[in-house]
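Peer 1: In our numbering, the protein residues as written are 609 to 728.
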Amino acid sequence: MFTAFKNYFDFTGRANRNEYWMYTLLVIIVNVGLQVLIPIFASISAAISFLPAAALVLFALFTVIPSFSVSFRRLHDTGRSAWWLLLLVIPLIGALVLIFWFAMPGEEGENKYGARPEAN
Numbered sequence: 609m610f611t612a613f614k615n616y617f618d619f620t621g622r623a624n625r626n627e628y629w630m631y632t633l634l635v636i637i638v639n640v641g642l643q644v645l646i647p648i649f650a651s652i653s654a655a656i657s658f659l660p661a662a663a664l665v666l667f668a669l670f671t672v673i674p675s676f677s678v679s680f681r682r683l684h685d686t687g688r689s690a691w692w693l694l695l696l697v698i699p700l701i702g703a704l705v706l707i708f709w710f711a712m713p714g715e716e717g718e719n720k721y722g723a724r725p726e727a728n
């Protein structure tokens with residue numbers, strides 16, 4: 609999970625399924641948690657209602673680069689170029705194709721993007 613943060617600016621190499629999905633799960637949990645806090649804080653006091661929204665924006669800014677880097681490396685593990693992330697511009701279908709690829713096992717052994725990560 610924290611490997612994605614350790615490799616914050618690493619867009620080369622490969623990321624196994626565990627690294628990708630644990631990072632994604634962490635991002636989803638934090639996002640949902642902060643979104644749940646927004647109406648709770650708003651109902652308590654207008655003076656503090658901005659805090660969870662501000663935290664959500666900061667978290668999004670903090671995670672945008674590692675989200676791309678772990679996605680690049682995950683596609684590399686399946687033998688695909690990171691250019692395939694451009695599928696995200698196709699609503700729904702693009703995301704579904706990428707989710708399918710992210711869930712696939714990585715290529716056995718070394719590929720053109722490097723050695724196979726430890727666990728897949």
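From the three backbone atoms N, C-alpha and C, an ideal C-beta is built for every residue, glycine too. Small disclaimer: the values here were computed from a predicted structure and weren't measured.
Evaluate contact between the stretch 612–632 and the stretch 676–685, counting only Cβ atoms and requiring at least three cross-stretch pairs below 8 Å.
Peer 2: Flag = yes, the stretch 612–632 and the stretch 676–685 touch.
Peer 1: Between the Cα of Ala711 and those of Tyr628, Phe613 and Thr611, spot the shortest distance and give me the residue it belongs to.
Peer 2: Here the closest residue by C-alpha is Tyr628.
Peer 1: For the 8 Å Cβ check, are there 3 or more pairs between the stretch 680–690 and the stretch 707–726?
Peer 2: In short, these stretches touch, since the Cβ pair count reaches three.
Peer 1: Per DSSP, what kind of secondary structure is Trp722 in: helix, strand or coil?
Peer 2: The residue you asked about is not Trp; residue 722 is Gly in the sequence shown. Strand, per DSSP.
Peer 1: Using the three-state DSSP reduction, which class does Thr632 fall into: helix, strand or coil?
Peer 2: In the structure shown, Thr632 sits in a helix (DSSP, three-state: H, G or I).
Peer 1: Look at Asn639 and Leu669 and say whether their C-beta atoms are less than 8 Å apart.
Peer 2: No, these two residues do not count as a Cβ contact at 8 Å.
Peer 1: Label Val697 either buried or exposed according to how many other C-beta atoms from any shown protein chain fall within 10 Å of its C-beta, with 16 as the threshold for buried.
Peer 2: The residue in question, Val697, is exposed, as its Cβ has fewer than 16 Cβ neighbours within 10 Å.
Peer 1: Among the residues of its own chain, which have a CB less than 7 Å from the CB of Gly702, if the five just before and after it don't count?
Peer 2: Taken in chain order, the residues that qualify are Leu695 and Leu696.
Peer 1: Straight-line CA distance for Glu726 to Pro713?
Peer 2: Cα to Cα, the separation comes out at about 12 Å.
Peer 1: Alpha carbon to alpha carbon, how far is Ser657 from Ala650? Give it in angstroms, no decimals.
Peer 2: When rounded, the distance between both Cα atoms is 4 Å.
Peer 1: By a C-beta neighbour count over all protein chains shown, 10 Å radius and 16 as the cutoff for buried, is Pro660 buried or exposed?
Peer 2: Buried: at least 16 other Cβ atoms inside 10 Å.
Peer 1: Can you tell me where the alpha helix (DSSP H) with Ser653 in it begins and where it stops?
Peer 2: Premise fails: Ser653 is in no alpha helix (DSSP H) and is neither H nor E.
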